[in-house]
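Chemist: Read in order, the letters of the sequence shown are residues 1 to 286 in UniProt numbering.
Take a look at the following structure, please.
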Amino acid sequence: MPWDALDAELAAVAGTVSVYAGRLGRRPAYTRLADTPHYAASTMKVAVLAALHRTAEAGQVALDAPVPVVNEFDSARPGAARFSCAADYDNDEAVWARLGGTAPLRWLAERMIVRSSNLATNLVLGRVGLPAVAQVWADSGARHSRTGRGIEDFAARDAGLDNQVTAADLAGLLGGIARSRIASPAACAAMLDVLLAQERREDLAAGLPPGTRIAHKNGWVRGVRHGAGVVFPDDAPPYALVVCTSVSPDREGGRIGDERDELARRLIARISALVWAARHRLGTVD
Numbered sequence: 001m002p003w004d005a006l007d008a009e010l011a012a013v014a015g016t017v018s019v020y021a022g023r024l025g026r027r028p029a030y031t032r033l034a035d036t037p038h039y040a041a042s043t044m045k046v047a048v049l050a051a052l053h054r055t056a057e058a059g060q061v062a063l064d065a066p067v068p069v070v071n072e073f074d075s076a077r078p079g080a081a082r083f084s085c086a087a088d089y090d091n092d093e094a095v096w097a098r099l100g101g102t103a104p105l106r107w108l109a110e111r112m113i114v115r116s117s118n119l120a121t122n123l124v125l126g127r128v129g130l131p132a133v134a135q136v137w138a139d140s141g142a143r144h145s146r147t148g149r150g151i152e153d154f155a156a157r158d159a160g161l162d163n164q165v166t167a168a169d170l171a172g173l174l175g176g177i178a179r180s181r182i183a184s185p186a187a188c189a190a191m192l193d194v195l196l197a198q199e200r201r202e203d204l205a206a207g208l209p210p211g212t213r214i215a216h217k218n219g220w221v222r223g224v225r226h227g228a229g230v231v232f233p234d235d236a237p238p239y240a241l242v243v244c245t246s247v248s249p250d251r252e253g254g255r256i257g258d259e260r261d262e263l264a265r266r267l268i269a270r271i272s273a274l275v276w277a278a279r280h281r282l283g284t285v286d
């Protein structure tokens, strides 16, 4: 695999492209700006998923107990007004259809991942709390990633309480789940099942042969497109692959933003295909 050629190609891309690629439990075969922080977008939902399963294992929540589906949440900024999600900014009508009723936490967590529901994310986050998510990041060895607020908590964002990730930290978190290092084997298996059921497959998964198993989460807002996952080839050991792409928001607008996202999706798929082709030669043992 010509990693130098990939480096040169990515250096010519507008914005910042970070990559982590390597087998689980080994040194990565290739990294590029893997410790550079990016706005997290929806990749932070993996840490929320892990926090939920750990909280359930501790007996503090019941995954199958119904919880009220509401659209009003406490801001992470002390003294700020409560905030709500916008339905037209979400990706999952199924959760909104239950507004005013109830839904099990397990189901909300699934929708948070497989359809990237923002409303479901805030409902789950409200049950586990930001400190539990911070502990997940710490226990997975994250150095620069943090979850400082819920989705659309703009008062907190404006106060500097934001969500950020790095490619290396996301690889560590997903690898910890895949290797049963972040929770019990049963809990990690349950998390993997949800991540394997991901329905948004337009970036990392698009670069893999049809039918390839990949446990992954992507995230996108204007100017940002990330793909983070663990790939399970039939003929090679599993490997982590994370690609984070960001361009300055002031470069985006209207149709240009849509076109940029399409380019980012194609780039992530191309990197995924290149790493897949090198799957038998990824990394060395620590």
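Every residue, glycine too, gets a C-beta built ideally from N, C-alpha and C.
I'd like to know whether the C-beta atoms of Val69 and Leu99 end up nearer to each other than 8 Å.
Modeler: Yes, Cβ-Cβ distance for Val69 and Leu99 is below 8 Å.
Chemist: If you scan the region 181-255 from start to end, which runs of the alpha helix (DSSP H) of 4 or more residues do you find wholly inside it?
Modeler: Runs found: 185-196.
Chemist: Looking at the secondary structure, which residues open and close the beta strand (DSSP E) in which Gly22 lies?
Modeler: Its beta strand (DSSP E) spans residues Thr16 to Arg23.
Chemist: Along the chain, where does the beta strand (DSSP E) that runs through Arg32 open and close?
Modeler: Where Arg32 is concerned, the enclosing beta strand (DSSP E) stretches over Tyr30 to Arg32.
Chemist: At the level of alpha carbons, what is the spacing between Leu192 and Phe154?
Modeler: Their Cα atoms are separated by approximately 31 Å.
Chemist: Could you pull out every unbroken alpha helix (DSSP H) segment of at least 4 residues lying fully inside the region 77-149, listed in chain order?
Modeler: Qualifying alpha helix (DSSP H) stretches, in chain order: 93-96, 105-114, 118-128 and 130-139.
Chemist: If contact is defined by three or more beta carbon pairs under 8 Å, each pair taking one atom from either stretch, is the region 162-174 in contact with the region 222-238?
Modeler: Judged by Cβ distances under 8 Å, the region 222-238 makes contact with the region 162-174, as three or more pairs qualify.
Chemist: Can you find the residues in the same chain that come closer than 7 Å, C-beta to C-beta, to Gly283, ignoring five residues on each side of it along the sequence?
Modeler: Gly22, Arg23, Arg26, Arg27, Pro28 and Ala29, listed in sequence order.
Chemist: Which of the three DSSP states, helix, strand or coil, is assigned to Val70?
Modeler: Three-state result, Val70: coil.
Chemist: Can the beta-carbon of Val19 be found closer than 8 Å to that of Val224?
Modeler: In this structure, Val224 does not lie closer than 8 Å to Val19 by Cβ.
Chemist: Would the region 114-130 and the region 88-105 be scored as touching if the rule is three or more Cβ pairs under 8 Å?
Modeler: The answer is yes - the region 88-105 touches the region 114-130, with three or more Cβ pairs under 8 Å.
Chemist: Mind checking which residues open and close the beta strand (DSSP E) that includes Val165?
Modeler: Counting along the chain, the beta strand (DSSP E) containing Val165 begins and ends at Asn163 to Val165.
Chemist: Would you kindly work out how many angstroms separate the C-alpha atoms of Arg255 and Arg222, rounded to a whole number?
Modeler: Low per-residue confidence applies at Arg255: pLDDT is 47, beneath 50, and the placement is therefore not dependable, though the value from the model is reported in the following sentence. About 11 Å.
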